[in-house]
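Below is one structure, written out as structure tokens; the observations come after it.
There are 2 protein chains.
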Amino acid sequence: MRFMFILFFAAACSWGNELSELAKSRGLKAIPQQKAELEQLIANPANPFSPEKLELGKMLYFDPRLSKSGLISCNTCHNLALGGVDGVAAAIGHQWAANPHHLNSPTVYNSVFNIKQFWDGRSPDLEDQAQGPIQAGPEMSMDQETAVKVVATIPEYVAAFQKAFPKEANPVTFANIAKAIGAFERTLVTPAPFDAFLHGDEKALNEQQQRGLQLFVDKGCTTCHNGIGVGAP
Amino acid sequence: MRFMFILFFAAACSWGNELSELAKSRGLKAIPQQKAELEQLIANPANPFSPEKLELGKMLYFDPRLSKSGLISCNTCHNLALGGVDGVAAAIGHQWAANPHHLNSPTVYNSVFNIKQFWDGRSPDLEDQAQGPIQAGPEMSMDQETAVKVVATIPEYVAAFQKAFPKEANPVTFANIAKAIGAFERTLVTPAPFDAFLHGDEKALNEQQQRGLQLFVDKGCTTCHNGIGVGAP
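Protein sequences appear in the order of chains A and B. Heads up, the first sequence is in our numbering, so the first residue is 1 and it goes up one at a time. Heads up, the second sequence is in our numbering, so the first residue is 234 and it goes up one at a time.
Right under this line is the structure:
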């Protein structure tokens, strides 16, 4: 009996290993485990990381003063404590307006791996995307000039921008607000058991999960849904 | 010429001194200058001050998680950077509702000197008042139970409540939320040049301001508007 169990377990492990290789052969990729490799993958050469820029981006991400009402921050709709979303069918913004296209808020977690941003993919990267919701009428409804003015009235922010963009004479700009937020968002990466499984940890997914992955591959889902984060690109 | 100027200045000073005494005789009072005297005046024996309670109250005052939407804090309508108000004709609350009675937000600054709270004076003190807007449908729209649940899920808050209410076994209660906020609000006292004038600094008000005060007294405004903060009681 014990022998049979061991045999079964060995078979399962072997299946896990094969499945992992199969999944990778169909284009599914794991989030890199090595910090240097991951950093290179999520970096934007046009907006290099620094601890100061990431700290500034985090401050701005949570700051409702970037909205016209003073009530709505990036985190309002992309709540980091709620999976990076708001949990409602259509995002609620300025003057409690529901998103006019009935769109819900996509998560910011692992959004760095998306090949394009926004539901329709009209934005090339997070630095560009971050400029949108701040200005959108039914979202934060803030104009660029006022956003910059508000930030520039706060001495702590001015100092933080100087540290984050040390080579610029006037670092408090709308583009830099979005750059700092974009840099912060690039770091919102959450490796999952699925990534561990692709890296060879056969116990990271249970049997039911592995059967689901097998089905996902067998049915050809990977034709469109591949890369890091499965459905990302 | 210089002599005449000195005479005029002396007369003005004397007038200032007389005016100050006159104003006080009509019931106008200055905010105490001595810390101990002020503390006694603003204290509530049923809700004694402690540094820990004041710090907690300040955190809660600024925390939009006390509202159903997660967007509205005490500071939204009683903005400490805007004179303790929101600058709109009728306060905007949950779901962007305007105050149904078309009331604007009274300032929290020096509100400790009001003999009653709310526009209609239906609340005896700030600890009682603070319970109102959190629960009011068109304001923060939060029920007591959920407010307590939200606070209790945040370990830093639980620790802060334990420090602020050290004798209580279960300090995270709705009454204590309001007590901590009320204690913080009691400290929002802003002595003005007018108080310095009543304390004998004759240069604290300029000539035009003194003429205004003389008129205020002469016309009998002080019959109703007296005490600390002029119109407070």
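For glycine and all other residues, C-beta sits at the position ideal for the given N, C-alpha and C.
1) May I have the straight-line CA-CA distance separating L19(A) from N104(A), to the nearest angstrom?
2) Nearest chain B C-beta to T76(A) closer than 9 angstroms, yes or no?
3) Could you tell me which chain B residues have their CB closer than 9 angstroms to the CB of I72(A), listed as they occur along the chain?
4) Could you confirm whether any beta carbon from chain B is found closer than 9 angstroms to the beta carbon of I134(A)?
5) Quick one: does Q297(B) have its CB under 9 angstroms from some CB of chain A?
6) Quick one: what's K262(B) bridged to in DSSP?
7) Assuming S69(A) contacts H94(A) (C-beta within less than 8 angstroms), just tell me the rounded distance between them.
8) DSSP state of A98(A), grouped into three classes?
9) Is the beta carbon of N176(A) less than 9 angstroms from the beta carbon of F165(A)?
10) Does I31(A) come within less than 9 angstroms of chain B when only Cβ atoms are used?
11) Is it buried or exposed, E21(A), if we count other Cβ atoms within 10 angstroms and call 16 or more buried?
12) How would you list, in chain order, the residues of chain B whose beta-carbon sits under 7 angstroms from the beta-carbon of W96(A)?
13) Start and end of the alpha helix (DSSP H) containing K286(B)?
14) Would you mind reading off the limits of the alpha helix (DSSP H) that contains I181(A)?
15) Would Y109(A) and V189(A) be called neighbours here (beta carbons separated by less than 9 angstroms)?
16) Does the structure place the region 428-436 of chain B close enough to the region 284-291 of chain B that three or more beta carbon pairs sit under 8 angstroms?
17) Considering only their Cβ atoms, is the gap separating C307(B) from N371(B) smaller than 9 angstroms?
18) Does Q131(A) come out as helix, strand or coil in the three-state DSSP assignment?
19) Below 7 angstroms CB to CB, which residues in the same chain sit around Q447(B) once its five sequence neighbours on both sides are set aside?
20) Measuring straight from C-alpha to C-alpha, what distance separates I115(A) and K382(B)?
21) Between the C-alpha atoms of A330(B) and A97(A), what's the straight-line distance to the nearest angstrom?
22) Terminal residues of the continuous alpha helix (DSSP H) containing S304(B)?
23) Any beta-carbon of chain B closer than 9 angstroms to the one on I42(A)?
24) Would you list the one or two residues that DSSP bridges to S141(A)?
25) Between which two residues does the alpha helix (DSSP H) harbouring A159(A) extend?
26) Give me the residue from M375(B), Q364(B), Q395(B) and V321(B) with the minimum Cα distance to G415(B).
27) Within the chosen definition, does the region 150-169 of chain A reach the region 217-229 of chain A through at least 3 CB pairs nearer than 8 angstroms?
28) Considering Cα atoms alone, identify which of P191(A), S123(A) and F161(A) is closest to V180(A).
29) If we cut at 9 angstroms on Cβ distances, does V384(B) have a partner in chain A?
30) Kindly list the residues whose CB is nearer than 6 angstroms to the CB of D63(A), restricted to its own chain and excluding five residues on each side of it in sequence; keep chain order.
31) Mapping DSSP to helix, strand and coil, what is S123(A)?
32) DSSP three-state call for I275(B): helix, strand or coil?
Straight from the coordinates:
1) By 1-based counting over the first sequence, the position of residue 19(A) is 19. By 1-based counting over the first sequence, the position of residue 104(A) is 104. Cα-Cα distance, rounded: 34 angstroms.
2) On the first sequence, position 76 is the one that residue 76(A) refers to. It does: the Cβ of T76(A) has a partner Cβ on chain B nearer than 9 angstroms.
3) Taking the first residue of the first sequence as 1, we reach residue 72(A) at position 72. Per Cβ cutoff of 9 angstroms: L304.
4) Mapped onto the first sequence, residue 134(A) falls at position 134. Closer than 9 angstroms: no.
5) What you label residue 297(B) is simply residue 64 of the second sequence in a count that begins at 1. The sequence shown places Pro at residue 297(B), rather than the Gln named in the question. Judged by the 9 angstroms Cβ criterion, P297(B) is in contact with chain A.
6) Position 29 of the second sequence, counted from the first residue, corresponds to residue 262(B). Answer is I461(B).
7) In the first sequence, residue 69(A) corresponds to position 69, counting from 1. In the first sequence, residue 94(A) corresponds to position 94, counting from 1. S69(A) to H94(A), Cβ: 6 angstroms. Contact.
8) As a first step, residue 98(A) is located in the first sequence; it is residue number 98 there, counting from the start. Three-state result, A98(A): strand.
9) Within the first sequence, the letter at position 176 stands for residue 176(A). Within the first sequence, the letter at position 165 stands for residue 165(A). In this structure, F165(A) lies closer than 9 angstroms to N176(A) by Cβ.
10) As a first step, residue 31(A) is located in the first sequence; it is residue number 31 there, counting from the start. No, I31(A) does not count as interfacial toward chain B.
11) As a working note, residue 21(A) is residue 21 in the first sequence. Per the 10 Å Cβ criterion, exposed.
12) Within the first sequence, residue 96(A) is the residue found at index 96, counting from 1. Q328 and W329, listed in chain order.
13) Position 53 of the second sequence holds residue 286(B). That run of the alpha helix (DSSP H) goes P284 to Y294.
14) Taking the first sequence and counting its residues from 1, one reaches residue 181(A) at position 181. First-last of the alpha helix (DSSP H) with I181(A): F174 to R186.
15) Within the first sequence, the letter at position 109 stands for residue 109(A). Within the first sequence, the letter at position 189 stands for residue 189(A). Taking 9 angstroms as the Cβ cut-off, Y109(A) and V189(A) qualify as a contacting pair.
16) no
17) Here residue 371(B) refers to the residue found at position 138 of the second sequence. Here residue 307(B) refers to the residue found at position 74 of the second sequence. A small correction: the amino acid at residue 371(B) is Pro; Asn does not occupy that position in the sequence shown. Cβ atoms of P371(B) and C307(B): not closer than 9 angstroms.
18) What you label residue 131(A) is simply residue 131 of the first sequence in a count that begins at 1. Looking at Q131(A) - three-state DSSP - the assignment turns out to be helix.
19) Working through the second sequence from its first residue, we reach residue 447(B) at position 214. Closer than 7 angstroms at Cβ, skipping near neighbours: L252.
20) Counting from 1 along the first sequence, the entry for residue 115(A) is found at position 115. Counting from 1 along the second sequence, the entry for residue 382(B) is found at position 149. Distance between the alpha carbons of I115(A) and K382(B) is about 40 angstroms.
21) The count along the second sequence starts at 1 and reaches residue 330(B) at position 97. The count along the first sequence starts at 1 and reaches residue 97(A) at position 97. Computed Cα separation, rounded: 12 angstroms.
22) Here residue 304(B) refers to the residue found at position 71 of the second sequence. One detail in the question is off: residue 304(B) reads as Leu in this sequence, not Ser. From DSSP, L304(B) is part of no alpha helix (DSSP H); its letter is neither H nor E.
23) In the first sequence, residue 42(A) corresponds to position 42, counting from 1. With 9 angstroms as the cut-off, I42(A) does not count as an interface residue toward chain B.
24) Within the first sequence, the letter at position 141 stands for residue 141(A). According to DSSP, S141(A) bridges with nothing at all.
25) To locate residue 159(A), count along the first sequence from 1; it is residue 159. Unbroken alpha helix (DSSP H) run through A159(A): P155 to A164.
26) Looking up residue 415(B) in the second sequence gives position 182. Taking only the C-alpha atoms, the option nearest G415(B) is Q364(B).
27) no
28) Taking the first sequence and counting its residues from 1, the one referred to as residue 180(A) is at position 180. The residue asked about is misnamed: residue 180(A) is Ala in this sequence, not Val. With distances taken between Cα atoms, A180(A) lies closest to F161(A).
29) As a position in the second sequence, residue 384(B) is number 151, starting the count at 1. Answer no: the Cβ-Cβ gap between V384(B) and chain A never drops below 9 angstroms.
30) In the first sequence, counting from the first residue as 1, residue 63(A) sits at position 63. S73.
31) As a first step, residue 123(A) is located in the first sequence; it is residue number 123 there, counting from the start. Residue state, collapsed to three classes: strand.
32) One-based indexing of the second sequence puts residue 275(B) at position 42. Helix.
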